[in-house]
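Asks: Its first residue numbered -1, the sequence shown is counted upward by one per residue in our numbering.
The C-beta atom is built at its ideal place from N, Cα and C for all residues, glycine as well.
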Amino acid sequence: MTGLERGSVAARRLLAPMLTAVLLAGCVVGPDYQTPIMAMPANWSGQKPTKPAQPARLSKWWQRLRDPELNTLVEEAVAGNLDVATAKAKIREARASYRQSAGTLLPSADGSGSASRNKSAETTSGSDATYSEYQAGFDASWELDLFGANRRGVEAARYGLNASQEELRSTLLTLVGDVASYYT
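#1: Nearest-angstrom Cα distance between residue 110 and residue 138?
#2: Leaving aside the five residues before and after residue 120 along the sequence, list all residues of the same chain whose C-beta is less than 8 Å from its C-beta, in chain order.
#3: Inspect the beta-carbon positions of residue 169 and residue 94 and report whether they are closer than 8 Å.
#4: Threshold first: 4 residues or longer. Then list the alpha helix (DSSP H) segments lying entirely within the region 144 to 181, N to C.
#5: Kindly list the residues whose CB is nearer than 6 Å to the CB of residue 132, restricted to its own chain and excluding five residues on each side of it in sequence; keep chain order.
#6: State the beta-bridge partners of residue 115 as determined by DSSP.
#7: Mind checking residue 41: buried by the 16 CB within 10 Å criterion, or exposed?
#8: Per the DSSP calculation, residue 108 is bridged to which residue(s)?
#9: Cα-Cα, which of 177, 89, 101 and 99 is closest to residue 164?
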């Protein structure tokens, strides 16, 4: 073996593990998301210490105005608005997507069965044969989530569901605000 061949073999022995490590590193899915913690000062400059107020219940704020006509208008607007219906449909779609993504973490199983009864044509001897045939099958599989891609898919679907729910809230807020603004 010449010096050039020895160098080539040594380079291949060194290159193969390095290439494998680089390829496996590409399979890893990013680190877990951590919500940043924002440090807030205890007191602002010039602020007088006060007792914290209870948050107001604002989910149906227009009802506090005690105007039955406004309540009726808001209910009709919410019931008949296509944007609200679309946002609700998107929530249903996002829930289905979330359930489908969550299903990738579970094992799957399939079963099948069939039965048939056959009668063959008359043979030369004058007899016919009747026979039954039965078949059953079962298949099970489970995809191991070694690199976390399925878990990340479930997280993404959950965040998509949260975004759809917030979109509905935003649509309702805009709609009710517009109805109340134009109400006279």
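Replies: With the structure as the only source:
#1: Your numbering for residue 110 matches position 112 in the sequence shown. Your numbering for residue 138 matches position 140 in the sequence shown. Residue 138 has its alpha-carbon roughly 12 Å from the corresponding atom of residue 110.
#2: Here residue 120 refers to the residue found at position 122 of the sequence shown. Once the five neighbours on either side are set aside, the close Cβ partners of residue 120 are 126.
#3: Taking the sequence shown and counting its residues from 1, the one referred to as residue 169 is at position 171. Taking the sequence shown and counting its residues from 1, the one referred to as residue 94 is at position 96. Result no, Cβ atoms of residue 169 and residue 94 do not sit closer than 8 Å.
#4: 147 to 180
#5: Counting from one through the sequence shown, the residue named residue 132 turns up at place 134. Taken in chain order, the residues that qualify are 113.
#6: Taking the sequence shown and counting its residues from 1, one reaches residue 115 at position 117. For residue 115, which the question treats as bridged, DSSP gives the partners 130.
#7: Stepping through the sequence shown from its first residue, residue 41 is reached at position 43. With fewer than 16 other Cβ atoms within 10 Å, it is exposed.
#8: If you number the sequence shown from 1, residue 108 lands on position 110. Bridge partners of residue 108: 137.
#9: Sequence index remark: in the sequence shown, residue 164 carries index 166 (1-based). Closest by alpha carbon: 89.
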